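Single-structure report; data block below.
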Amino acid sequence: MSEKSNAITSLVIAGALTSALAMIATSAQAQPTPKEKCFGVALKGQNDCAAGAGTTCAATAKIDYQGNAWKLVDKDTCIKTSTPLGPGSLAPIVRKS
7 MSEKSNAITS LVIAGALTSA LAMIATSAQA QPTPKEKCFG VALKGQNDCA AGAGTTCAAT
67 AKIDYQGNAW KLVDKDTCIK TSTPLGPGSL APIVRKS
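Going by our numbering, 11 is the number at position 5 of the sequence shown; the sequence numbering is gapless.
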């Protein structure tokens, strides 16, 4: 093989490796973070859904940390989320007045 042929082969291999690494990096970044519903952590009007009877759903929480309104949060972070009324919950919270 000539020097020119070796150089072309090296460039082709380097290009193929670069493309493969770019595809791996892109697919790793494209993986969405799993989410879960977290009740009692949304601020007034900032819930994602489930704010109870008489609501149309998203952005209808009437008070901060409403127990029957939820936000989507990263999986396994809900019950670690702290609010002035206590931690978030994976199920609706019934607050005593």
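Every residue, glycine too, gets a C-beta built ideally from N, C-alpha and C. Predicted model only: the values in this text are computed from it and were never measured.
Coarse secondary structure for residue i, derived from DSSP in three states
i, result
"SER8", "coil"
"THR66", "coil"
"LYS43", "strand"
Best match in the options for proximity to residue i [C-alpha to C-alpha]
i, options, result
"TYR71", "ASP54, ASP82, GLN37", "ASP54"
"LYS68", "THR83, GLY51, GLY92, LEU78", "GLY51"
"LEU49", "LYS102, ALA28, GLY73", "GLY73"
Sequence-distant residues of the same chain with beta carbon closer than 7 Å to residue i, five excluded per side
i, result
"THR89", "GLY46, VAL47, TYR71"
"ALA64", "ASN53, ASP54, CYS55"
"VAL100", "GLY73"
Assumed close pair residue i, residue j - CB separation to whole angstroms, cut-off 8 Å
i, j, result
"GLY92", "ILE85", "Actually they are not in contact, since the Cβ atoms of GLY92 and ILE85 sit about 10 Å apart, beyond 8 Å."
"ASP80", "THR39", "5 Å"
heavy atom of the ligand GDP below 6 Å from residue i C-beta
i, result
"LEU91", "By its list of ligands, the structure shown contains no ligand whatsoever, and the ligand GDP lies outside what it can speak to."
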